[in-house]
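Undergrad: Line order of the protein sequences matches chains A and B. Residue 1 is where the first sequence starts when you use full-length UniProt numbering, and the numbers rise one by one after that. Residue 1 is where the second sequence starts when you use full-length UniProt numbering, and the numbers rise one by one after that.
2 protein chains.
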Amino acid sequence: MRVSLKDVAAHAGVSIKTVSNVVNNYQHVTPAMRERVQRSIDALGYRPNLAARHLRKGRTGIIALALPELGNPYFAELAAAVIDAAAAHDYIVLLDHTGGRREQEVLVSQGFRARVIDGLILSPIELEPEDLRDQAEVPLVLLGERDYALPYDHIAIDNVAAARAAVRHLIDLGRREIAFIGARRGRSEPAQLRVRGWREELTAAGLPADEGLVAATDGWGHADGADAMARILESGRQPDAVFAYNDPMAIGAMRVLHERGLKVPEDIAVVGFDDVVEGRFGAVTLTSVSPDKDAIGRLAVEAVLARLSGGGELPEPRRVWADYRLVQRESTLGRAAGERSAQG
Amino acid sequence: MRVSLKDVAAHAGVSIKTVSNVVNNYQHVTPAMRERVQRSIDALGYRPNLAARHLRKGRTGIIALALPELGNPYFAELAAAVIDAAAAHDYIVLLDHTGGRREQEVLVSQGFRARVIDGLILSPIELEPEDLRDQAEVPLVLLGERDYALPYDHIAIDNVAAARAAVRHLIDLGRREIAFIGARRGRSEPAQLRVRGWREELTAAGLPADEGLVAATDGWGHADGADAMARILESGRQPDAVFAYNDPMAIGAMRVLHERGLKVPEDIAVVGFDDVVEGRFGAVTLTSVSPDKDAIGRLAVEAVLARLSGGGELPEPRRVWADYRLVQRESTLGRAAGERSAQG
DNA sequence: GGGCGGCTGTATAACGTTGTAAATCGACGT
DNA sequence: ACGTCGATTTACAACGTTATACAGCCGCCC
């Protein structure tokens, strides 16, 4: 068996609690005593048993992070950011993936592992507000695009503004028929902030927001983007620009354009969202909205920890905006040049 | 406070242990009693406290998975496979990323969170055998490419054979100058099984294994592949094929070829490794060695659990081979056609 | 010089669960 | 009817930690 406080106490000839005090850096311990106990700790190679500590303290030191899918590099990079941010506070991260399925999201949000975790960071896709009524045995922080009016902290970039910046960029290039790829099939339209940004910016520019140029999809991967692009082209339309819900979809769309002999950006300009690494190495590099993933991860962790230490009821759930930038690359080369920045 | 066994026991008018017996499906409980206790459990919404259970049982129900980086989609997909496989056994996964830095890998392998986890699945990059001497407070399973002669289970595909299959494929296409991108800089060469496969197959075909066509890199991302490709071209060599350590590097390399006006596969054929989704949607889709990630994840989890239940010393650490296939796509279109399969 | 108060260190009781051993119960064979 | 035996249930003691309350001890003030 491993060495416990009791063993160390016996070895040092002091009480268990004194050892505990040394381990926890309790203030009132004589330097001499601290030294003596520490020597025993080192000699025996003692390390605290977290299960016991957590049982006693009611905290586990673990935060769960529930993401739709790890295959999407945006979420993978975000996960890395959360893990690092949590590590900075001595917290560790338990990873779940929901597949973006409502059932799984509900399960996770209801804390089906509530007894193991201190808090939950959830990036929902299909989750509906009513799924979240009065639960949360642990602090819950929401990430991402949906527009929830719920008593939980919510970390996101300003998706509407970011989408408008992307569409503005395309309009500045002189594009007039701008398709949107990746509206979520079967979900209430207004929830889709990026579609709303697309619509608002077109309208503001005096252009028609032609719903025939909006392609809904079931998923958000390369293949979904490719399907959507193909559907638009087969409908007889040929837009001069495409704004995709995310980078993998944009890249899938570009593949279809390539197959049909359409040149990017000459024939069709393409803008993605998330700025994943992959977009910087295709035959045509991809212009994209680049959310500050590190900030999002950090803010999410901090929000959880604030609730945790906040002794119960913090005044008001906060909606926190992270920064984003629009990074221009080859897929929208043209008149507009360089990188544009915007602050969230 | 939350409801505990004691509360349920009081509510049902029985002893704590009886409730515990019901919860744990203990054999000798009257159906009537079981029913009655269950009703109280449901009424109070009882759920076991894992910290306490684990303190008592010495198991946490958590497996740690330590990967070099989540940004690489191969590892992200592998993580998803491990999470699913663990879930099938009621285990949950704690995710770490080491950045492939030896220091971090040593830290993880030494079980710096040993008190939280029951087992560890580690995919090492820089870790050296001597770092693993006589530790393992918990079962350790190694993943991946390195060739360890150590008393730990090791799950991998046959990297040498897989690399040979890839090179064979290029040779079958008539290619004769085949570069290798992604030898690990500063590490002992023999450890690199994929380089060895490259060398062996060339030699077997009577071709020179020209070390001038091997490019070492520090990392394994798109940018590293691009750098390596650029260095080879700038050295004055122009190979007619490239075999990359992984897909991101292959894609980075293709980007450089594209920039220099070299056509894939006409001028240079390219083969990657890992078969990540991204490779299927570039302007030129990527031929790649496709490891069976689900199998690897499943086998790794099963190996950990076997040690865990194996009452201590299982006879011998096992090296388990997972399957792989070579999937041909546009980047090697030519004489050879279709998909080739190999069994690991 | 007696008492006060600030430092140190200690004994003890939890936290919620499960393993062990013992108590209870009913039925059965003699 | 009584002892026995197996099936069921219970009491109690852990698991390793920290919070609480308290016991010494010292110096210091009046």
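Backbone N, C-alpha and C fix where the C-beta goes; we use that ideal spot for every residue, glycine too.
Which one of B:GLU103, B:LEU5 and B:ALA80 has the shortest CA to CA distance from residue 352 of chain B?
TA: Here chain B covers residues 1 to 344 and nothing more, so residue 352 of chain B does not appear.
Undergrad: In the region 157-191 of chain A, which residue ranges form an unbroken alpha helix (DSSP H) of at least 4 residues, counting only runs that do not cross its ends?
TA: 159-172
Undergrad: Alpha carbon to alpha carbon, what distance is there between ARG329 of chain A and ALA256 of chain A?
TA: For this step, residue 256 of chain A is matched to residue 256 along the first sequence. For this step, residue 329 of chain A is matched to residue 329 along the first sequence. Checking the sequence shown, residue 256 of chain A turns out to be Val, not Ala. So the alpha carbons of these two residues sit roughly 19 Å apart.
Undergrad: Within a Cβ cutoff of 8 Å, which residues of the same chain sit near ASP90 of chain A, ignoring the five residues on either side of it in sequence?
TA: The residue given as residue 90 of chain A occupies position 90 in the first sequence. Correct list, in chain order: GLY61.
Undergrad: If you follow the beta strand (DSSP E) that GLY252 of chain B is in, where does it begin and where does it stop?
TA: By 1-based counting over the second sequence, the position of residue 252 of chain B is 252. It is not in any beta strand (DSSP E) - GLY252 of chain B instead sits in the alpha helix (DSSP H) that spans 247-259.
Undergrad: Which residue or residues does DSSP assign as beta-bridge partners of ILE41 of chain B?
TA: Position 41 of the second sequence, counted from the start, is the residue given in the question as residue 41 of chain B. Answer by DSSP bridge pairing: none, since ILE41 of chain B is not bridged.
Undergrad: Can you have a look at GLY279 of chain A and say buried or exposed, based on whether 16 or more other CB atoms are within 10 angstroms of its CB?
TA: In the first sequence, the residue the question calls residue 279 of chain A occupies position 279. The residue in question, GLY279 of chain A, is buried, as its Cβ has 16 or more Cβ neighbours within 10 Å.
Undergrad: Would the beta-carbon of LEU50 of chain A fall within 8 Å of that of ILE296 of chain A?
TA: In the first sequence, counting from the first residue as 1, residue 50 of chain A sits at position 50. In the first sequence, counting from the first residue as 1, residue 296 of chain A sits at position 296. In this structure, ILE296 of chain A does not lie closer than 8 Å to LEU50 of chain A by Cβ.
Undergrad: At a Cβ threshold of 8 Å, is GLY338 of chain A touching chain B?
TA: Residue mapping note: residue 338 of chain A aligns to position 338 of the first sequence, counting from 1. At GLY338 of chain A, the pLDDT of 43 sits below 50, so the modelled position is not reliable and the matter cannot be decided from this model.
Undergrad: Could you round the C-beta distance between LEU193 of chain B and ASP147 of chain B to whole angstroms and report it? I think they count as a contact, below 8 Å.
TA: Here residue 193 of chain B refers to the residue found at position 193 when the second sequence is read from its first residue. Here residue 147 of chain B refers to the residue found at position 147 when the second sequence is read from its first residue. The beta carbons of LEU193 of chain B and ASP147 of chain B sit about 6 Å from each other, so the pair counts as a contact at 8 Å.
Undergrad: I'd like the list of long-range same chain contacts for ASP294 of chain B, defined as Cβ closer than 6 Å, with 5 residues on each side in sequence excluded.
TA: One-based indexing of the second sequence puts residue 294 of chain B at position 294. Cβ neighbours of ASP294 of chain B beyond the five flanking positions: ALA81.
Undergrad: Exposed or buried, SER341 of chain A, counting other C-beta atoms within 10 Å across all chains shown (16 or more means buried)?
TA: Translated into the one-based positions of the first sequence, residue 341 of chain A becomes position 341. For SER341 of chain A, the pLDDT reaches just 44, beneath the cut-off of 50, and the residue's location in the model is therefore unreliable, leaving the point undetermined.
Undergrad: Anything in the region 241-255 of chain A with a Cβ closer than 8 Å to a Cβ of chain B? List those residues in chain order, please.
TA: PRO248, ILE251, GLY252, MET254 and ARG255
Undergrad: Helix, strand or coil: how does DSSP classify GLY11 of chain A here?
TA: Locating residue 11 of chain A in the first sequence gives position 11, counting from the first residue. Sequence check: residue 11 of chain A is His here, not Gly. Of the three classes helix, strand and coil, the one that applies to HIS11 of chain A here is helix, per DSSP.
Undergrad: Measure the C-alpha to C-alpha separation of LEU95 of chain B and GLY58 of chain A and round it to an integer number of angstroms.
TA: Reading the second sequence from its first residue, position 95 is the one you call residue 95 of chain B. Reading the first sequence from its first residue, position 58 is the one you call residue 58 of chain A. Taking the straight line joining both Cα atoms gives about 22 Å.
Undergrad: Between PRO139 of chain B and LEU308 of chain B, which are expected to be in contact by the criterion C-beta below 8 Å, what is the C-beta distance as a whole number of angstroms?
TA: In the second sequence, the residue the question calls residue 139 of chain B occupies position 139. In the second sequence, the residue the question calls residue 308 of chain B occupies position 308. Going by Cβ atoms, the distance from PRO139 of chain B to LEU308 of chain B rounds to 6 Å, so yes, they are a contact pair.
Undergrad: Kindly indicate which residue of A:GLN27, A:THR30 and A:LEU44 has the alpha-carbon position closest to the one of ALA12 of chain A.
TA: Taking the first sequence and counting its residues from 1, one reaches residue 12 of chain A at position 12. Its Cα nearest to that of ALA12 of chain A, the residue A:LEU44 stands out among A:GLN27, A:THR30 and A:LEU44.
Undergrad: Does SER288 of chain A pass the burial test, meaning 16 or more other C-beta atoms within 10 Å, or should it be called exposed?
TA: Along the first sequence, one-based indexing puts residue 288 of chain A at 288. Counting Cβ neighbours within 10 Å, SER288 of chain A comes out buried, since at least 16 surround it.
Undergrad: Terminal residues of the continuous alpha helix (DSSP H) containing ARG59 of chain B?
TA: Here residue 59 of chain B refers to the residue found at position 59 of the second sequence. That residue, ARG59 of chain B, is in no alpha helix (DSSP H); it is neither H nor E in DSSP.
Undergrad: Answer yes or no: does any C-beta atom of chain B fall closer than 8 Å to that of VAL277 of chain A?
TA: Taking the first residue of the first sequence as position 1, residue 277 of chain A is located at position 277. VAL277 of chain A counts as touching chain B.
Undergrad: Since GLY71 of chain A meets chain B, which of its residues come closer than 8 Å, beta carbon to beta carbon?
TA: Walking along the first sequence from the start, residue 71 of chain A turns up at place 71. Those are PRO73, ALA76, GLU77, ALA80 and VAL277, listed as they occur along chain B.
Undergrad: Applying the criterion that 16 or more other CB atoms from any shown protein chain within 10 Å of the CB defines a buried residue, is GLU126 of chain A buried or exposed?
TA: By 1-based counting over the first sequence, the position of residue 126 of chain A is 126. Looking at its Cβ environment, which holds 16 or more other Cβ atoms inside 10 Å, GLU126 of chain A is buried.
Undergrad: Does any residue of chain A have a CB that is nearer than 8 Å to the CB of ALA322 of chain B?
TA: Your numbering for residue 322 of chain B matches position 322 in the second sequence. No, its Cβ sits nowhere closer than 8 Å to a Cβ of chain A.
Undergrad: Report yes if the CB atom of ALA269 of chain B is closer than 8 Å to the CB atom of ARG175 of chain B, and no otherwise.
TA: Translated into positions along the second sequence, residue 269 of chain B becomes position 269. Translated into positions along the second sequence, residue 175 of chain B becomes position 175. Yes; because the gap between Cβ atoms is below 8 Å, this pair is in contact.
Undergrad: Take ARG34 of chain A and list the residues in its own chain whose beta-carbon comes closer than 7 Å to its own, dropping the five residues that flank it on each side.
TA: On the first sequence, residue 34 of chain A is found 34 positions in, with the first residue counted as 1. The answer, listed in chain order, is VAL22.
Undergrad: CB-CB under 7 Å to VAL29 of chain B, same chain, minus the five flanking residues each way: which ones, in chain order?
TA: In the second sequence, residue 29 of chain B corresponds to position 29, counting from 1. ASN21 and VAL22, listed in sequence order.
Undergrad: By Cβ distance, which residues of its chain are closer than 6 Å to TYR216 of chain A, with the 5 residues on each side in sequence left out?
TA: In the first sequence, counting from the first residue as 1, residue 216 of chain A sits at position 216. Looking at the sequence provided, one finds Ala at residue 216 of chain A rather than Tyr. If we look at ALA216 of chain A and ignore the five residues flanking it on each side, its Cβ neighbours are ALA183 and ARG185.
Undergrad: With a threshold of 8 Å between beta-carbons, can PHE273 of chain A be considered close to chain B, or not?
TA: The sequence position of residue 273 of chain A within the first sequence is 273, counting from 1. Chain B, which has no Cβ nearer than 8 Å to the Cβ of PHE273 of chain A, makes this no.
Undergrad: Note down, in chain order, each residue of its chain lying with its Cβ closer than 6 Å to the Cβ of THR285 of chain A, except the 5 sequence neighbours on either side.
TA: As a first step, residue 285 of chain A is located in the first sequence; it is residue number 285 there, counting from the start. Excluding positions up to five away in sequence, the list reads ARG329 and GLU330.
Undergrad: Buried or exposed for GLY206 of chain B, going by 16 or more other Cβ atoms inside 10 Å?
TA: On the second sequence, position 206 is the one that residue 206 of chain B refers to. In this structure GLY206 of chain B is exposed. Its beta-carbon is surrounded by fewer than 16 other beta-carbon atoms within 10 angstroms.
Undergrad: What is the rounded straight-line gap between the Cα of TRP220 of chain B and the Cα of ALA226 of chain B?
TA: Position 220 of the second sequence, counted from the start, is the residue given in the question as residue 220 of chain B. Position 226 of the second sequence, counted from the start, is the residue given in the question as residue 226 of chain B. If I take the Cα positions, the gap works out to 10 Å.
Undergrad: Quick one: is the Cβ of ASP227 of chain B within less than 7 Å of any heavy atom of the ligand NAD?
TA: Looking at this structure, you won't find the ligand NAD or any other ligand, since it has none at all.
Undergrad: Contact criterion: CB-CB distance below 8 Å. Does VAL304 of chain B meet it with respect to chain A?
TA: Translated into positions along the second sequence, residue 304 of chain B becomes position 304. No - not a single Cβ of chain A is within 8 Å of the one on VAL304 of chain B.
Undergrad: Counting only runs of 4+ residues fully inside the region 212-241 of chain B, write out the alpha helix (DSSP H) ranges in chain order.
TA: Secondary structure within the region 212-241 of chain B: the alpha helix (DSSP H) runs of 4 or more consecutive residues, fully enclosed, are 222-234 (chain order).
Undergrad: Got a sec: is the Cβ-Cβ distance from HIS89 of chain B to anything in chain A below 8 Å?
TA: The residue labelled residue 89 of chain B in the question sits at position 89 within the second sequence. It does not; no Cβ of chain A falls within 8 Å.
Undergrad: What does PHE180 of chain A touch in chain B if you count any residue whose Cβ is under 8 Å from its own?
TA: For this step, residue 180 of chain A is matched to residue 180 along the first sequence. Neighbours of PHE180 of chain A on chain B: none; closest Cβ ~19 Å, over 8 Å.
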